[in-house]
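Participant:
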Amino acid sequence: MTAAIQFYTNPMSRGQIIRWMLEELGQPYETHLLDYAGSMKSPDYLALNPMGKVPAIVHDGKVVTECAAICVYLAACFPEASLDPRPEERADYYRWLFFAAGPVEAAVTNQAAGFTVSEERARMFGYGTYDLAMQTLESAVTGRDYVCGPRFTAADVYVGSQIDWGLQFGTMPDRPAFRAYAERLRARPAYQRAKDIDNALIAQMKSAAEKQS
């Protein structure tokens, strides 16, 4: 019997990306819920991830952190899920997955924090400017169903989560290409299962907090 993947998360975190990836994978996994003020900073968890952040997984005795890395790792470890790229898809798969993990993540975070890159300093930043990063990301999902073309891959879990959240929270512009892409992803059964699980956990956490207050 295959050992369950150990999944460390908080439903109000980027752990939602990995929940979705695990649901797409169809492999057994065990969820370990951590809270920000306590267990996420505990010695036991810091031994797994010294950053004290979620998500993280443990598989075959190995720890993997960082959402993009976890998605790539799981897709490679479980090829039967067909989430890994085919040879002709590898260029787009790696290009856009890591573009989203690097320049897009930095651009969106800085923009949300109120930091704007001046024109004369743009070349110092990997994303150049927020507008350039959004324009480039838009090109990845324009004229195709998924990042690699007609087929859904693990890259869509990560890139799609970035766009899905960006539209939901207003940290990305509401452009037709982004909206159409997000709607395709939201229709996936694994996406819906993952959201149902995390939304139920969030509701339980809020209810417990209200009872304590």
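Counting in my numbering, the sequence shown runs without a single skipped number right up to 214 at its last residue.
Beta carbons: idealized from backbone N, C-alpha and C, even for Gly.
Does the beta-carbon of residue 47 have 16 or more other beta-carbons within 10 angstroms, so that it is buried, or is it exposed?
Facilitator: Answer is exposed; the Cβ neighbour count stays below 16.
Participant: How big is the Cα-Cα spacing for residue 172 and residue 161?
Facilitator: Going by the C-alpha atoms only, they are around 14 Å apart.
Participant: Could you pull out every residue in the same chain whose Cβ sits closer than 8 Å to the Cβ of residue 53, ignoring the five residues on either side in sequence?
Facilitator: The answer, listed in chain order, is 41, 42, 46, 47.
Participant: Suppose you measure from the CA of residue 20 to the CA of residue 29; what does that come to, to the nearest Å?
Facilitator: For residue 20 and residue 29, the distance between alpha carbons rounds to 12 Å.
Participant: Compare the C-alpha of residue 182 against each of 121, 149, 205 and name the closest.
Facilitator: Taking only the C-alpha atoms, the option nearest residue 182 is 149.
Participant: Quick one: grab the DSSP three-state call for residue 67.
Facilitator: Coil, per DSSP.
Participant: List the whole-angstrom C-beta distance separating residue 203 from residue 56, where the pair is believed to meet the contact cut-off of C-beta under 8 Å.
Facilitator: In fact, because the Cβ distance is near 15 Å, the residues do not count as touching under 8 Å.
Participant: What are the boundary residues of the beta strand (DSSP E) that residue 32 is part of?
Facilitator: Per DSSP, residue 32 belongs to the beta strand (DSSP E) from 30 to 34.
Participant: For a minimum of 3 consecutive residues, which ranges assigned as the beta strand (DSSP E) are wholly contained in the stretch 45 to 120?
Facilitator: The stretch 45 to 120 contains these whole beta strand (DSSP E) runs: 57 to 60, 63 to 66.
Participant: Enumerate in chain order the residues of its own chain whose CB-to-CB distance from residue 155 is below 6 Å, with the five nearest sequence positions on each side excluded.
Facilitator: If we look at residue 155 and ignore the five residues flanking it on each side, its Cβ neighbours are 72, 76, 84.
Participant: Output needed for residue 102: all residues of its chain with C-beta closer than 8 Å, excluding positions within five of it in sequence on either side, in chain order.
Facilitator: Taken in chain order, the residues that qualify are 67, 68, 69, 159.
Participant: Could you pull out every residue in the same chain whose Cβ sits closer than 7 Å to the Cβ of residue 24, ignoring the five residues on either side in sequence?
Facilitator: Hits under 7 Å: 191, 194, 195.
Participant: Is it buried or exposed for residue 201, if we count other Cβ within 10 angstroms and need 16 for buried?
Facilitator: Looking at its Cβ environment, which holds fewer than 16 other Cβ atoms inside 10 Å, residue 201 is exposed.
Participant: Round the Cβ separation of residue 135 and residue 174 to the nearest angstrom and send it over; I've been treating them as touching at under 8 Å.
Facilitator: 6 Å between Cβ atoms; contact.
Participant: Could you pull the DSSP bridge partners for residue 9 from this structure?
Facilitator: DSSP output for residue 9 lists 33, 57 as bridge partner(s).
Participant: By the three-class DSSP mapping on this structure, what secondary structure does residue 147 have?
Facilitator: Three-state DSSP puts residue 147 in a strand.
Participant: Three-state secondary structure (DSSP) at residue 130?
Facilitator: Note: residue 130 maps to coil in three-state DSSP.
Participant: Would you call residue 95 buried or exposed, if buried means 16 or more other Cβ atoms sit within 10 Å of its Cβ?
Facilitator: Classification for residue 95: exposed.
Participant: Since residue 165 and residue 186 should fall inside the 8 Å C-beta cutoff, what is the C-beta to C-beta distance between them, to a whole number of angstroms?
Facilitator: Rounded, the Cβ-Cβ distance is 6 Å, consistent with contact.
Participant: Let's test the definition: count the other Cβ atoms within 10 Å of the Cβ of residue 22 and tell me whether it reaches 16, buried, or not, exposed.
Facilitator: Classification for residue 22: buried.
Participant: Measuring straight from C-alpha to C-alpha, what distance separates residue 107 and residue 60?
Facilitator: Cα to Cα, the separation comes out at about 28 Å.
Participant: CB-CB under 8 Å to residue 206, same chain, minus the five flanking residues each way: which ones, in chain order?
Facilitator: Cβ neighbours of residue 206 beyond the five flanking positions: 12, 13.
Participant: Classify residue 158 as helix, strand or coil using the three-state DSSP reduction.
Facilitator: Looking at residue 158 - three-state DSSP - the assignment turns out to be helix.
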